[in-house]
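Here the sequence shown stands for residues 403 to 530, numbered as in the working numbering.
Every residue, glycine too, gets a C-beta built ideally from N, C-alpha and C.
Predicted model, so just to flag it, every value in this text is computed and none were measured.
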Amino acid sequence: MTDGAPAPDPAERADVAPEGSAADPGSRGTARVAVEYCTQCRWLLRAAWVAQELLQTFRTRLGEVALVPGTGGVFRVTLDAGDGPVLLWDRKADGGFPEVPDLKRRVRDAVAPDLSLGHTDRAAGDPV
């Protein structure tokens with residue numbers, strides 16, 4: 403749209419993060435979390451909720467959180483922090499679905515060990 407007004411300078415826009423800040427995409431983490439869920443079991447909403455919780459907690463410390471459709475009762479969470487995928491949770495092997503605070507601790511320990519999880523850490527008896 404051209405209404406004759408000059409384009410705003412990105413440095414002056416309030417919705418653009420300053421370069422190098424935590425919200426700057428250039429400082430985004432590179433770790434990839436994949437949540438594989440069973441489409442036959444209709445576990446998309448559960449997988450999306452887990453993904454949302456991880457994105458909300460780790461913000462730019464993660465490079466990607468992917469939802470991966472599967473079948474056969476699968477609900478698996480893997481993390482690839484650059485050295486190959488590591489299984490964080492498998493519904494069949496671990497006996498059910500992950501508790502989100504436990505999953506957050508596992509992700510935190512791999513990608514941001516200095517990050518406090520607040521009440522999640524205190525509930526587990528970890529020092530804050």
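- Here V479 carries a strand assignment [DSSP, helix/strand/coil].
- Contact annotation: V479 and V437 have beta-carbon atoms nearer than 8 Å.
- A straight line joining the alpha-carbon of T459 with that of G486 spans about 23 Å.
- If you draw a straight line from the Cα of F477 to the Cα of D492, it comes to about 6 Å.
- The beta carbon of V488 sits closer than 6 Å to the beta carbons of L481 from its chain, once the five residues preceding and following it are set aside; these are given in chain order.
- In the DSSP annotation of this structure, A514 is not part of any beta strand (DSSP E), being labelled neither H nor E.
- In the DSSP assignment, D496 falls within the unbroken alpha helix (DSSP H) covering R493 to D496.
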